[in-house]
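Data block below; observations after.
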Amino acid sequence: PQYAWAGKFSEGLACVWKDGKRGYVDTAGKMVIQPRFHDAGRFSEGLAHVMIGGKYGYVDKKGKTVIQPQFDFAAPFSDGLARVVKGKGWGSGGSYIDRTGKVVVRPEPARQWTNYSDFREGLAHVYGYKYSAYVDKTGKKVIERHDVPHAGGFSEGLAPVRVGAKWGFMDKTGKRVIKPRFAWVTRFSEGLAGVDCSDSRDSSTMGKKWGYIDRAGKVVIQPKYHQVFGFSEGLARVRVDDQWCFINTKGETVIELHDVDMVYAFSGPLARVEVNGKWGYVDRTGKYVWKPTR
2 PQYAWAGKFS EGLACVWKDG KRGYVDTAGK MVIQPRFHDA GRFSEGLAHV MIGGKYGYVD
62 KKGKTVIQPQ FDFAAPFSDG LARVVKGKGW GSGGSYIDRT GKVVVRPEPA RQWTNYSDFR
122 EGLAHVYGYK YSAYVDKTGK KVIERHDVPH AGGFSEGLAP VRVGAKWGFM DKTGKRVIKP
182 RFAWVTRFSE GLAGVDCSDS RDSSTMGKKW GYIDRAGKVV IQPKYHQVFG FSEGLARVRV
242 DDQWCFINTK GETVIELHDV DMVYAFSGPL ARVEVNGKWG YVDRTGKYVW KPTR
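Written out as structure tokens, the structure reads:
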């Protein structure tokens, strides 16, 4: 199949762009939702956000509209809720909706949020000027840390947090359980988190010493990569120089990819790859199922 653009598979479907509109194909390449949207996102929890008539709503996997187009911004569902905006910018009407489209969490009238994260494990990170907190699905503040404006979403009970110029992790009580000592980190996935062990005093190492730690903060996959991503279905994509590959949780290379500019995580049997601006898909042996085409 030839499309102007193709997204990665999520829940068995991938968004594609054809003749100026977006639709969805399955892993066999069959068009299951005809291209009719001006914009469209990935499926998550059975729904995808799509733009119809200049506004975002949500459709199911049959293409049926289940939440009417009414938002100026919409994000994928996460943990049962989705971030949406009515108006210009978060401050003008940002909130969280449930699967019926009902607003269930909104900012406190006296507290201006400038940004919100997706809900993960029951909590979302909300922040504004000199303000940082985590709220639950009722909007109640569970963790409020004015001294920690830079933090990420929870995954496997831990969230990235930056103190000064270094990143570590905190638990759901706000306690820092892995000391901030890394130049950068990823979220935990399948028990491991990517960490940048670069020495800020040595510019030659910056961004070239990524490895993985366990939940105790111990380095279990040595820092030798230039770029890493989280584990998914037992595999993580990593890069050294221009060479991409997939490793397992032991740090063993299991799939080597040659002459690939970018690769995305596996979703089921397939992973999306980019070669010279063209998109294709490989299986778990690294063999092309769809060769890169425009």
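Quick note: the sequence shown, position 231, residue 232 per the working numbering, numbers continuous. In this text, a Cβ means the ideal position worked out from N, Cα and C, and glycines have one as well.
*Under the three-state DSSP convention, the category residue 126 falls into*: Reading the sequence shown from its first residue, position 125 is the one you call residue 126. In the structure shown, residue 126 sits in a strand (DSSP, three-state: E or B).
_Residues in the same chain with beta-carbon distance under 7 Å from residue 179, minus the five sequence neighbours each way, listed in chain order, please._
Residue mapping note: residue 179 aligns to position 178 of the sequence shown, counting from 1. Residues 169, 170 and 218 of the same chain have their beta carbon placed closer than 7 Å to that of residue 179, with the five preceding and five following residues left out of the count.
_Quick check: residue 26 and residue 15, are their CB atoms within less than 8 Å of each other?_
Translated into the one-based positions of the sequence shown, residue 26 becomes position 25. Translated into the one-based positions of the sequence shown, residue 15 becomes position 14. Yes, the Cβ-Cβ distance between residue 26 and residue 15 is below 8 Å.
*What are the start and end residues of the beta strand (DSSP E) that includes residue 56?*
Counting from one through the sequence shown, the residue named residue 56 turns up at place 55. Segment 56-60, the beta strand (DSSP E) holding residue 56.
*asked:* Residues in the same chain with beta-carbon distance under 8 Å from residue 261, minus the five sequence neighbours each way, listed in chain order, please.
replied: Numbered from its first residue, the sequence shown carries residue 261 at position 260. Within the same chain, 245, 274, 275 and 276 come within 8 Å of residue 261 by CB-CB distance, once the 5 residues on both sides are set aside.
*asked:* Does residue 38 come out as helix, strand or coil in the three-state DSSP assignment?
replied: Sequence index remark: in the sequence shown, residue 38 carries index 37 (1-based). Strand, per DSSP.
*If residue 155 and residue 124 are in contact, beta carbons under 8 Å, what's the gap, nearest whole angstrom?*
Residue numbering aside, residue 155 sits at position 154 when the sequence shown is read from its first letter. Residue numbering aside, residue 124 sits at position 123 when the sequence shown is read from its first letter. So it is a contact: roughly 5 Å between Cβ atoms.
*Buried or exposed: residue 103, going by 16 or more other Cβ atoms within 10 Å of its Cβ?*
Sequence index remark: in the sequence shown, residue 103 carries index 102 (1-based). Exposed, by the Cβ-count rule.
_For a quick check, are the C-beta atoms of residue 70 and residue 47 less than 8 Å apart?_
For the purposes of this step, residue 70 is taken as the residue at position 69 of the sequence shown. For the purposes of this step, residue 47 is taken as the residue at position 46 of the sequence shown. For the pair residue 70 and residue 47, the CB atoms are not nearer than the 8 Å cut-off.
*Applying the criterion that 16 or more other CB atoms from any shown protein chain within 10 Å of the CB defines a buried residue, is residue 225 buried or exposed?*
Stepping through the sequence shown from its first residue, residue 225 is reached at position 224. Label assigned to residue 225: exposed.
*May I have the straight-line CA-CA distance separating residue 45 from residue 12, to the nearest angstrom?*
Translated into positions along the sequence shown, residue 45 becomes position 44. Translated into positions along the sequence shown, residue 12 becomes position 11. Looking at the two C-alpha atoms, the distance is approximately 7 Å.
_Status (buried if at least 16 other CB within 10 Å, exposed otherwise) for residue 111_ = In the sequence shown, the residue the question calls residue 111 occupies position 110. Unreliable placement is indicated for residue 111, whose pLDDT of 49 sits below 50; the coordinate value is still reported in the next sentence. Answer is exposed; the Cβ neighbour count stays below 16.
*Would DSSP call residue 116 helix, strand or coil?*
Position 115 of the sequence shown, counted from the start, is the residue given in the question as residue 116. Three-state result, residue 116: strand.
*Grouping DSSP H, G and I as helix and E and B as strand, with all else coil, what is residue 29?*
Position 28 of the sequence shown, counting from 1, holds the residue named residue 29. Looking at residue 29 - three-state DSSP - the assignment turns out to be coil, as it is neither helix nor strand.
*Looking only at DSSP bridge pairs, what is residue 50 linked to?*
Start at 1 with the first residue of the sequence shown, and residue 50 comes out as number 49. According to DSSP, residue 50 bridges with 59.
_Whole runs of the beta strand (DSSP E) within the region 237-277, excluding any shorter than 3 residues_ = The qualifying runs are 237-241, 244-248, 254-258 and 272-276.
*Can residue 129 and residue 107 be called in contact, C-beta distance under 8 Å?*
As a position in the sequence shown, residue 129 is number 128, starting the count at 1. As a position in the sequence shown, residue 107 is number 106, starting the count at 1. Contact flag unset, no.
_Rounded to whole angstroms, what is the Cα-Cα separation between residue 38 and residue 185?_
Here residue 38 is taken as the residue at index 37 of the sequence shown, counted from 1. Here residue 185 is taken as the residue at index 184 of the sequence shown, counted from 1. When rounded, the distance between both Cα atoms is 37 Å.
*With 16 as the cutoff for other CB atoms within 10 Å, does residue 142 come out buried or exposed?*
Here residue 142 corresponds to residue number 141 of the sequence shown, with the count starting at 1. Per the 10 Å Cβ criterion, exposed.
*Rounded C-alpha distance that separates residue 254 from residue 162*: By 1-based counting over the sequence shown, the position of residue 254 is 253. By 1-based counting over the sequence shown, the position of residue 162 is 161. Looking at the two C-alpha atoms, the distance is approximately 30 Å.
*Based on Cα-Cα distance, which residue from 173, 216 and 228 lies nearest to residue 198?*
Taking the first residue of the sequence shown as 1, we reach residue 198 at position 197. Among 173, 216 and 228, the Cα nearest to that of residue 198 is on 228.
*Identify the continuous beta strand (DSSP E) that holds residue 170 and give its terminal residues.*
Against the sequence shown, residue 170 aligns to sequence position 169. Boundaries of the beta strand (DSSP E) around residue 170: 167-171.
_For residue 241, tell me which candidate among 269, 267 and 212 has the shortest Cα-Cα distance._
Residue numbering aside, residue 241 sits at position 240 when the sequence shown is read from its first letter. Out of 269, 267 and 212, 212 has the C-alpha closest to the C-alpha of residue 241.
*Between the Cα of residue 188 and the Cα atoms of 21, 232, 265 and 145, which residue gives the shortest distance?*
Translated into the one-based positions of the sequence shown, residue 188 becomes position 187. Closest option to residue 188, Cα to Cα, is 232.
*What number of angstroms, rounded off, separates the C-alpha of residue 268 from the C-alpha of residue 167?*
For the purposes of this step, residue 268 is identified with residue 267 of the sequence shown, where counting begins at 1. For the purposes of this step, residue 167 is identified with residue 166 of the sequence shown, where counting begins at 1. Roughly 32 Å between the two C-alpha positions.
*Over the uninterrupted beta strand (DSSP E) stretch that includes residue 16, give me the two end residues.*
By one-based count along the sequence shown, residue 16 stands at place 15. Residues 14-19.
*Could you check what DSSP says for residue 111 in three-state terms: helix, strand or coil?*
Taking the sequence shown and counting its residues from 1, the one referred to as residue 111 is at position 110. Per-residue confidence for residue 111 stands at a pLDDT of 49, beneath the threshold of 50, marking its modelled position as unreliable; the derived number appears in the next sentence. Here DSSP, grouped into helix, strand and coil, assigns residue 111 to coil.
_For residue 197, the three-state DSSP class (helix, strand or coil)_ = To locate residue 197, count along the sequence shown from 1; it is residue 196. Correct three-state label for residue 197: strand.
*Looking only at DSSP bridge pairs, what is residue 162 linked to?*
Along the sequence shown, one-based indexing puts residue 162 at 161. Paired residues: 152 and 169.
*Looking only at its own chain, which residues have a Cβ that is under 6 Å from the Cβ of residue 120, when we skip the five neighbours before and after it?*
Stepping through the sequence shown from its first residue, residue 120 is reached at position 119. Correct list, in chain order: 79, 80 and 82.
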